[in-house]
Amino acid sequence: MKFTIMINEGPYQHQSADTALQFCRAVLAQGHEIFRVFFYHDGVNNGSSLSVPPGDDRLLQKEWSELSKENDLDLVICIAAAQRRGLMDADEAKRQGFDSNNMIEGFRISGLGQLIEGGIEADRTVVFGD
Amino acid sequence: MATKKFMFVNRKAPYGTVYALESLEVVLISAAFEQDVSLAFIDDGVYQITKGQDTTGIGQKNFSNTYKALGDYEIKKLYVEKESLEERGLTQDDLMDLVWEDEDDDWAEKPSIIMVNRSEMADVMADQEVTLSF
């Protein structure tokens, strides 16, 4: 079965980002396909490269990044939500005239159309949020 | 591209958190993809379409007029749960008059709001293919 996953909460504040990550791992372990993971609302913060949790805590952003690398996952961050919250990749930072960026490897920035397309293409769309 | 039944479930008050505003942004994009779109208003989500919203004192953008434009995007199925209204002391008279224009009927204005009870809402939801909740 083909899944699209939507994540609406950021890491640490809400457990839903952890649950979504665990769900994605379970989906892949059972031989299903993940068409896309779409990050919206504060969920865009799952793509930040600048999180430094205490050493005995998990680093969720890195776990997403590694899961993406291992499984060739399409992790998409909504551009409008990201712009509001100060999250940007190198291209977007350049376009906006900033001299730094903060998106971790494995994510890409795109529009809300990617979420709708994900809903159309997948057999199941699962939302994780508050 | 295929057409699917999309439902956007609005559960939160329009102000206080950004969910309602960012939900509307997704709804408008889905219209551009020509999907079969419905909206559900339950719990505090019913406040999103109440009349006479005034945000001047709270420094938030009043986006309630956007709901009035949904008909122009062919979004004309707005399911409102009766129990959610009643639990908050509201009636349909407290809601905005949201309409769409029927081009097959000389552009007559027709109501977009469909009042349903909780069990009817469950049936409507069960009939959807993609349900996004906000």
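Sequence lines, in order, name chains A and B. Position in the first sequence counted from 1, then plus 127, gives you the working numbering. Position in the second sequence counted from 1, then plus 516, gives you the working numbering. Here a beta-carbon is modelled for each residue, glycine too, at the ideal position from N, C-alpha and C.
Within the 8 angstroms Cβ cut-off, does methionine 641 (chain B) reach chain A?
Judged by the 8 angstroms Cβ criterion, methionine 641 (chain B) is not in contact with chain A.
Considering just the uninterrupted stretch of the alpha helix (DSSP H) at lysine 598 (chain B), what are its terminal residues?
Its alpha helix (DSSP H) spans residues 598 to 603.
Are the CB atoms of glycine 246 (chain A) and lysine 520 (chain B) within a distance shorter than 8 angstroms?
Yes. Within cutoff.
Contact under 8 angstroms by Cβ, tyrosine 595 (chain B) with valine 632 (chain B)
It is a contact, given that the beta carbons lie within the stated cut-off.
Neighbour-count burial assignment, asparagine 172 (chain A), 16 or more Cβ in a 10 Å radius:
Here asparagine 172 (chain A) is buried. Its C-beta has 16 or more other C-beta atoms within 10 Å.
Take leucine 202 (chain A) as the anchor and find which of A:Arg211, A:Ser237, A:His141, A:Leu214 has the nearest alpha-carbon.
When only C-alpha atoms are compared, the closest one is A:Ser237.
Is there a Cβ from chain A that is less than 8 angstroms from the Cβ of glutamate 538 (chain B)?
True, the Cβ-Cβ gap to chain A drops below 8 angstroms.
Out of B:Lys592, B:Glu599, B:Asp621, which one is the CA nearest neighbour of proline 627 (chain B)?
Proline 627 (chain B) has its Cα closest to that of B:Lys592, out of B:Lys592, B:Glu599, B:Asp621.
Is the shortest distance between the beta-carbon of phenylalanine 522 (chain B) and the beta-carbons of chain A less than 8 angstroms?
Taking Cβ atoms only, chain A reaches closer than 8 angstroms to phenylalanine 522 (chain B), which makes this a yes.
Whole-angstrom distance between serine 649 (chain B) and glutamate 193 (chain A), CA atom to CA atom:
CA-to-CA, the gap between glutamate 193 (chain A) and serine 649 (chain B) works out to about 28 angstroms.
On a CA-only basis, which of A:Leu177, A:Val253, A:Asn229, A:Phe166 is nearest cysteine 205 (chain A)? Give me that one, please.
For the set A:Leu177, A:Val253, A:Asn229, A:Phe166, the Cα lying nearest the Cα of cysteine 205 (chain A) is the one of A:Phe166.
Return helix, strand or coil for threonine 460 (chain B), following the three-state DSSP convention.
This structure cannot settle anything about residue 460 (chain B), because the visible part of chain B is limited to 517 through 650.
Does any C-beta atom of chain A lie closer than 8 angstroms to the C-beta of methionine 637 (chain B)?
No, its Cβ sits nowhere closer than 8 angstroms to a Cβ of chain A.
When you check each C-beta in the segment 561 to 585 of chain B against every C-beta of chain A, which residues fall closer than 7 angstroms?
The segment 561 to 585 of chain B vs chain A, Cβ under 7 angstroms: nothing.
Among A:Glu190, A:Arg222, A:Ala209, which has the Cα closest to the Cα of arginine 235 (chain A)?
Checking every option, the nearest Cα to that of arginine 235 (chain A) belongs to A:Ala209.
Answer yes or no: does any C-beta atom of chain A fall closer than 8 angstroms to that of serine 554 (chain B)?
By the rule that beta-carbons nearer than 8 angstroms mark a contact, serine 554 (chain B) does not touch chain A.
Span separating the alpha-carbon of isoleucine 565 (chain B) from that of serine 175 (chain A)
So the two alpha carbons sit approximately 35 angstroms from each other.
Any contact of the segment 556 to 571 of chain B with the segment 523 to 538 of chain B, i.e. 3+ C-beta pairs under 8 angstroms?
Touching, yes, given that three or more Cβ pairs across the two stretches are closer than 8 angstroms.
Just to confirm, are valine 615 (chain B) and glutamate 625 (chain B) a CB contact at a threshold of 8 angstroms?
Glutamate 625 (chain B) is positioned such that its CB atom lies closer than 8 angstroms to that of valine 615 (chain B).
Outcome for tryptophan 191 (chain A) when other beta-carbon atoms lying within 10 angstroms are tallied against a minimum of 16
The residue is buried, with at least 16 neighbouring Cβ atoms inside 10 Å.
Mind pulling the beta strand (DSSP E) runs of 3 or more residues that sit fully within the segment 199 to 229 of chain A?
Runs of the beta strand (DSSP E) lying entirely within the segment 199 to 229 of chain A and spanning at least 3 residues, in chain order: 202 to 205.
Chain A within 8 angstroms of glutamine 551 (chain B), Cβ atoms only
Judged by the 8 angstroms Cβ criterion, glutamine 551 (chain B) is in contact with chain A.
Proximal residues to alanine 249 (chain A) (C-beta, below 8 angstroms), its chain only, five neighbours per side dropped
So the qualifying residues of the chain are Lys129, Phe130, Thr131, Phe162, Arg163.
Note down the Cα distance separating glutamine 576 (chain B) from valine 562 (chain B), rounded to an integer number of angstroms.
If you draw a straight line from the Cα of glutamine 576 (chain B) to the Cα of valine 562 (chain B), it is about 18 angstroms long.
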